[in-house]
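Sequence lines, in order, name chains F and G.
Residue numbers in the first sequence follow the UniProt record's numbering, run continuously in steps of one, and reach 346 at the last position.
Residue numbers in the second sequence follow the UniProt record's numbering, run continuously in steps of one, and reach 346 at the last position.
One structure below.
Protein chains: 2
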Amino acid sequence: MSDSVKVALVGCGFFARNHLFSWKDLAAEGADLVAVCDIDAAKAEAAAKEFNVPRWYTDFDAMVEAEQIDLLDIATRMDTHRMLVEKAIGRGIATIVQKPFAPTWEDAVAMTAAAEKAGVFLAVHENFRFQTPLIRVAETLRTGVIGTPSWGRISFRTGYDIYAGQPYFFDEERFIILDLGVHTLDIARVFMGEVERVYCETQQRNPKVKAEDTATVMLKHVSGAVSVVDFTYESRKEPDPFPETMVEIEGPDGAVVVDAGLTMQVTSGGEMRTEDIGAPLLHWTSKPWHVAQESVLITCRHMLESFRAKDAAATAAADNLKTFAVVEAAYESAASGTAVKPRAYP
Amino acid sequence: MSDSVKVALVGCGFFARNHLFSWKDLAAEGADLVAVCDIDAAKAEAAAKEFNVPRWYTDFDAMVEAEQIDLLDIATRMDTHRMLVEKAIGRGIATIVQKPFAPTWEDAVAMTAAAEKAGVFLAVHENFRFQTPLIRVAETLRTGVIGTPSWGRISFRTGYDIYAGQPYFFDEERFIILDLGVHTLDIARVFMGEVERVYCETQQRNPKVKAEDTATVMLKHVSGAVSVVDFTYESRKEPDPFPETMVEIEGPDGAVVVDAGLTMQVTSGGEMRTEDIGAPLLHWTSKPWHVAQESVLITCRHMLESFRAKDAAATAAADNLKTFAVVEAAYESAASGTAVKPRAYP
């Protein structure tokens, strides 16, 4: 295909399987997965074999030297993001980086500035806003059926054992706000607009977890709207809605509610209708993960299309910094007991 | 009946009908409603006729002078509470006063101190914790099936036209936190324990209402638990759950959830069971108000029994001051943008 886009993936761990399936699915749309890389040779080789990728590497520098990469997908853990992004941007390679963007605000700003200075595409693989149910909520809000949102709750409460797949979660210095809150705080921005101030209470409910495993965040939005964004990995409620995000949005003319079970209740003008907003099962997705898995495909497709169109992605670095600023403000608020205004990108 | 308790009611307005029905129902348990009083003679006379009360008054002083009152029930608006309570306490009359206890912290403290000094029974008719569904939640939590509560949400969101019955709500200086939040913040204390600090965002969504009609409160409890207590009269969601309170409480071993429809879902040890927690319909109650109406009867019964037993009521003045302190802290927080520690009764 003449307009094929050569994609390389670095990081072949737990979640990267979803990226691998997605890029292979996107072959029909011109994505050409030419190489994978992991510091663990066994993982890189296994990924290349299973997904029929021509070449695999353990050395990132060797890969970017040898390959003609159009679009680099970084799915490593966040402590390596800045180093990898700066190398890629230095070579002018358009880059996608998994969330969380970085461990610190300073790293996230440095990457954003480097990409802007170089005029190179840089986007964060923030996938919650690309989940089919949440896309449907955003579309519904944009039609104006409830008016401008004035109050909301975005809630993700589960007891699903996320430590089984990612045991390093026990030892993070900053945990659930950065890992999970970064998604749902992004959703709050999508649904309710930019954030004026942030208040947050954190809790460490699981004694085995070093950092916060529960956070309750209150946002005052620039519009005057207020939202609660609450999340925990320590809920013990059955049925457990993992990995679904519960939503309540109120406006002057109605409300949108998403409860467990992937249906959306839309009230407008005093009448309520229910819509199925479930994600389809793909050949490589399975319940209960399918909503999250499918969002990786939709996110990768958005990246491919944005890159081709020479547009910034919806979750471009500069946009994701705004979500990252809310994350930082939540940590600052929890530490200080005061509301915190999110930092602006300098 | 030899141990009958002579009850008098002052205030025969909108909500007082529920008190009148309750005291008449409690005749079988020894309550003897001997007099009613309202500054509006038509209201006082109508109440006396309809409820077969021997005497009615328009002058409070005349009533307390003429009657031998054991238990005075004050169901007037809050600006008159202190004046009436101080007169009653001055005469040694055991007194119940409708919520909100008072317009200000200073008034509430003054009444509490006066009653303590005089050694006279003084309690607040705070009825949410006496609603059958919420009694059932509290009982369930006390059994320990979910462990010590670590996170909660107490939510009351409605679009029910409460202004129709109480049009003075449009012009209150302080509105929904004092009117409605005082109930649900009290429930948060009952379910989750005393409050260490309070953060609150208020909104005025209905342009006809002078003060806040929506508040979102976050509580950090002394136990370390966190709760969200949110309430509005501007929700436009169907079906409207008015006047039900939605509850989510999580503990280390399970969760209790009350959604619209008066059922409680209790998860414990990984198993979930559902219980009907609806209130019975009484001969004088009707849906959707019946849950709130029945709670007046249960509250009055508790007052009668506490008075007879010479016990402080569960919602004695000193207890209700703790809820009032949370209300005040919420207003202070909303004005200052910082978390506020509730005042202690001096």
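Here a beta-carbon is modelled for each residue, glycine too, at the ideal position from N, C-alpha and C.
With a cutoff of 8 Å on beta-carbon distance, T132 (chain F) and D240 (chain F) are scored as not near each other. For V326 (chain G), the enclosing alpha helix (DSSP H) starts and ends at 317-336. Sequence-distant partners of L180 (chain G) (beyond 5 residues in either direction) whose C-beta falls short of 7 Å from its own C-beta, in its chain, are F156, F231.
Residue pairing by DSSP places D32 (chain F) opposite F:K6 in a beta bridge. By the neighbour-count criterion, in which a residue is buried when 16 or more other Cβ atoms sit within 10 angstroms of its Cβ, R136 (chain F) is buried. For the pair L9 (chain F) and D70 (chain F), the CB atoms are not nearer than the 8 Å cut-off.
Neighbourhood of E201 (chain G) in chain F, by CB distance below 9 Å: R197, Y199, M218, L219, K220, V226, A339, in chain order. The Cβ atoms of V327 (chain F) and S333 (chain F) do not sit closer than 8 Å to each other. Not a single CB atom of chain F sits nearer than 8 Å to the CB of T143 (chain G). Assignment of S155 (chain G) by DSSP, reduced to helix, strand and coil, places it in the strand class.
In the DSSP annotation of this structure, the continuous segment of the beta strand (DSSP E) that includes K220 (chain G) starts and ends at 214-221. Look at the beta carbons and you see the stretch 169-184 of chain G not touching the stretch 181-201 of chain F: under three pairs across the two are nearer than 8 Å. Around the C-beta of H283 (chain G), fewer than 16 other C-beta atoms lie within 10 Å, and the residue is accordingly described as exposed. The beta carbon of E250 (chain G) sits closer than 8 Å to some beta carbon of chain F. Of all alpha-carbon atoms in F:T299, F:C300, F:G278, F:R301, the one lying nearest the alpha-carbon of H290 (chain F) is that of F:G278. C-alpha of I89 (chain F) to C-alpha of F60 (chain F): approximately 13 Å in a straight line. For V257 (chain F), the closest Cβ of chain G is nearer than 8 Å.
Here G261 (chain G) is exposed. Its C-beta has fewer than 16 other C-beta atoms within 10 Å. Distance from the CA of H125 (chain G) to the CA of M272 (chain G), rounded to the nearest whole angstrom, comes to 34 Å. The beta carbons of H302 (chain G) and A292 (chain G) sit no closer together than 8 Å. For D25 (chain G), the enclosing alpha helix (DSSP H) covers residues 16-25. Judged by beta-carbon spacing, T140 (chain G) lies within the 8 Å limit of M264 (chain G), meaning their Cβ atoms are closer than that value.
DSSP lists G:V258, G:E275 as the beta-bridge partner residues of M264 (chain G).
Excluding the 5 residues flanking it on each side, V53 (chain G) has same chain C-beta neighbours closer than 6 Å at L33, V36, in chain order. Shown here, R197 (chain G) sits in a strand according to DSSP, grouped into three states.
For the C-beta of G261 (chain G), not a single chain F residue is nearer than 9 Å; the gap to the nearest is close to 13 Å. Among the CB atoms of chain G, one or more fall inside 8 Å of the CB of R236 (chain F).
According to the DSSP assignment, E139 (chain G) belongs to the alpha helix (DSSP H) that extends over 132-142. Using a Cβ-Cβ cut-off of 7 Å, T267 (chain F) is close to R236, K237, E238 of chain G, given in chain order. In the three-state DSSP reduction, G251 (chain G) falls in the strand class (E or B). For S227 (chain F), the uninterrupted beta strand (DSSP E) run begins and ends at 226-232, by DSSP. Chain G has a Cβ within less than 8 Å of the Cβ of S150 (chain F). Residue state for T148 (chain G) is assigned as coil, using DSSP reduced to three classes.
N127 (chain F) is positioned such that its CB atom lies no closer than 8 Å to that of S306 (chain F). Taking 8 Å as the cut-off, the beta carbon of A94 (chain F) is found no closer than this to the beta carbon of H19 (chain F). At a C-beta separation below 9 Å, D213 (chain F) has no neighbours in chain G, since its nearest C-beta there lies roughly 11 Å away.
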